[in-house]
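There are 2 protein chains.
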Amino acid sequence: MANFTYQGRLYYNPIELTMAFIGGTWKMPILLALRKGAVRYGDLRKTIPHINDKMLYSQLRDLEKKGMIQRKVYQTKPPRVDYMLTELGKKSIKLIDKINNFGEYLMEVEGIE
Amino acid sequence: MANFTYQGRLYYNPIELTMAFIGGTWKMPILLALRKGAVRYGDLRKTIPHINDKMLYSQLRDLEKKGMIQRKVYQTKPPRVDYMLTELGKKSIKLIDKINNFGEYLMEVEGIE
DNA sequence: GCTTTTACATACTTATTTGTATGTAAAGTA
DNA sequence: TACTTTACATACAAATAAGTATGTAAAAGC
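Protein sequence lines correspond, in order, to chains D and H. Residues 1 to 113, numbered by full-length UniProt numbering, are exactly what the first sequence covers, in order. Residues 1 to 113, numbered by full-length UniProt numbering, are exactly what the second sequence covers, in order.
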């Protein structure tokens with residue numbers, strides 16, 4: 001497995017690429033929040049605990065750039081914007097569920113509740 | 001799902017806990033390198049591309065502290081130290097494979113080779 | 001006419017992660 | 001006797017990620 005670049009960054013293996021798509025503190029919570037269908041910006045804010053505007057908007061932009069989510073703007077005042085998973089985004093959900101499940105297993109093993 | 005702490009850090013959800021165990025640039029490559037059995041320190045260095053001593057040793061310490069790997073020291077000169085997966089570490093391999101597979105899928109989709 | 005709402009956007013600071021350079025012990029090798 | 005090997009360890013710097021504070025437009029509500 002050789003190195004490769006994607007969107008101007010160098011990667012050493014497929015794992016790093018996966019993490020570019022779903023890694024960091026907020027991407028997986030955002031993707032999970034969209035699993036049932038379109039959600040507006042303000043509702044994402046309310047649904048995802050502890051997230052702030054800068055993180056939400058910058059991660060939404062990045063997920064859009066990577067083709068994981070779609071943005072839909074309604075020309076109303078005040079504005080309304082919906083976000084939804086693309087096909088690629090939907091494919092990531094199964095993996096994110098597994099990552100979440102492993103975390104729950106760890107909580108059990110470590111006696112965390 | 002409320003917040004919780006583990007080893008002195010605060011977590012908001014199980015995903016973050018999983019990433020504490022297998023996340024970062026080097027933990028998954030290290031764990032995969034141990035999947036076939038015990039490997040010595042020096043061989044890990046040679047097997048994992050681009051890793052440096054500081055990253056290897058600090059991630060090994062962290063993985064050990066989290067119960068993912070075991071360390072076995074042979075009292076020889078120069079020293080020999082083997083690392084191997086614990087049961088918990090073995091359980092992580094299936095998940096890491098899935099993360100790797102998703103990355104390979106992304107490479108296909110994005111036309112990276 | 002002043003405040004609120006919505007969905008951002010930017011500047012700046014802080015925290016976390018990663019990388020570089022260098023050092024160590026103690027025996028074996030040239 | 002000087003150099004190499006092994007498995008670390010530490011100080012420090014650079015890079016990346018995350019968080020804080022503040023601002024914007026334009027219409028609707030009080």
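Beta carbons: idealized from backbone N, C-alpha and C, even for Gly.
Apply the 10 Å Cβ neighbour rule to D:P79 and answer buried if 16 or more other Cβ atoms are within range, or exposed otherwise.
exposed
Within the segment 39 to 77 of chain D, ranges of the alpha helix (DSSP H) (whole runs, at least 4 residues):
41 to 47 and 53 to 65
Return the chain-ordered list of same chain residues with a C-beta closer than 6 Å to the C-beta of H:Q70, the five sequence neighbours on each side being excluded.
M84 and T86.
Cβ of H:N100 less than 8 Å from any chain D Cβ?
yes
Using the rule of at least 16 other Cβ atoms within 10 Å of the residue's Cβ for burial, across every protein chain shown, is D:P49 buried or exposed?
exposed
Is H:Y105 helix, strand or coil by DSSP?
helix
Taking Cβ to Cβ, would you say H:L17 is nearer than 8 Å to D:G103?
yes
H:Y12 at chain D interface by Cβ criterion, 8 Å
yes
Residue from D:R35, D:G111, D:G89 and D:Y105 with nearest C-alpha to D:F21
D:G89
Identify whether D:L17 lies in helix, strand or coil by the three-state DSSP scheme.
In the structure shown, D:L17 sits in a helix (DSSP, three-state: H, G or I).
Beta-ladder partner(s) of D:T5, from DSSP:
D:L10
Kindly identify the DSSP beta-bridge partner or partners of H:L85.
H:I69
Is any beta-carbon of chain H found at less than 8 Å from that of D:L88?
So yes, D:L88 belongs to the interface.
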